[in-house]
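Sequential numbering from 2 applies to the sequence shown in the numbering used here.
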Amino acid sequence: MLRKEIWEKYPDLDVVVRSLDLSIPENAHQLYEGLKGYEIETWVNNAGFGNYDSVAHQDLQKIGTMLHLDIEALTILSTLFVRDYRDTKGTQLINVSSAGGYTMLPAAVTYCAAKFYVSAFTEGLAWELKETGAKMKAKALAPAATRTEFGMVANNVREYDYDKSFGRCHTSSQMAGFLLELYDSEKVVGIVDRESFSFRLADPVFPYAGGFAHNQKCI
């Protein structure tokens, strides 16, 4: 379906679709190894889902799968890509976090904590790449409410009304546009303000202890 949709707009593209459950760590390795024959310029880690519930009542099986996908698979794929392409000019790693990766949200504590990891990991990697003189750039995209299947999965429902639940939201096309703005910029973070729903590009948000006299020296 996705391949057909892309071909209708861009018939000259060579579209390769791989379908794997990335919540299984071995599949993340398998996906990356299966792409070894391609020269990759940009890697976007967009796979993930959320959960709305209190910590006391959340489904631990669902939460475990979410953490494997949102954190573990992202870390594996980011690491493998950085290992192979950190010194290749023009390469970028873009990890999709969330506005909830910079602000804790009611009834979404575990999801936000997972996205805080994504944000902190990506910002820290961006610093590491810069300080070691690598040619790759690492960036984090932090959307707010976006009209996708996210709401249904996060709330365990068959239908979900974004207008009723949020009042405002972006479309997936708008979010793709924000991603391209981030890609074209020299900034590390592209974030949507949850109040105004405006998009802005920013420098890393979390404090970084680079240059601290008592840091452990890398071997």
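The beta-carbon is built from N, C-alpha and C at its ideal position, and this holds for glycine as well. All of these numbers come straight from a predicted model, not from anything done at the bench.
Whether residue i touches residue j by CB criterion (8 Å)
i	j	result
residue 128	residue 191	no
residue 141	residue 110	no
residue 93	residue 137	yes
residue 146	residue 170	yes
residue 164	residue 135	no
residue 149	residue 174	no
Identified DSSP bridge partners for residue i
i	result
residue 141	96, 190
residue 200	193
residue 147	171
For residue i, the nearest candidate out of the options (CA to CA)
i	options	result
residue 22	58, 5, 13, 71	71
residue 98	168, 47, 60	47
residue 45	77, 108, 168, 25	77
Coarse secondary structure for residue i, derived from DSSP in three states
i	result
residue 47	coil
residue 10	helix
residue 28	helix
residue 153	helix
residue 2	coil
residue 131	helix
residue 20	coil
residue 69	helix
Distance cut-off 7 Å: residue i Cβ against heavy atoms of the ligand NAP
i	result
residue 203	Here there are no bound small molecules, and the ligand NAP is not part of this structure.
Residue burial classification, residue i (beta-carbon count within 10 angstroms, cutoff 16)
i	result
residue 124	buried
residue 214	exposed
residue 200	buried
residue 207	exposed
CB contact check: residue i to chain C, cutoff 8 Å
i	result
residue 181	In summary, chain C is missing from the structure at hand, where a single protein chain is found.
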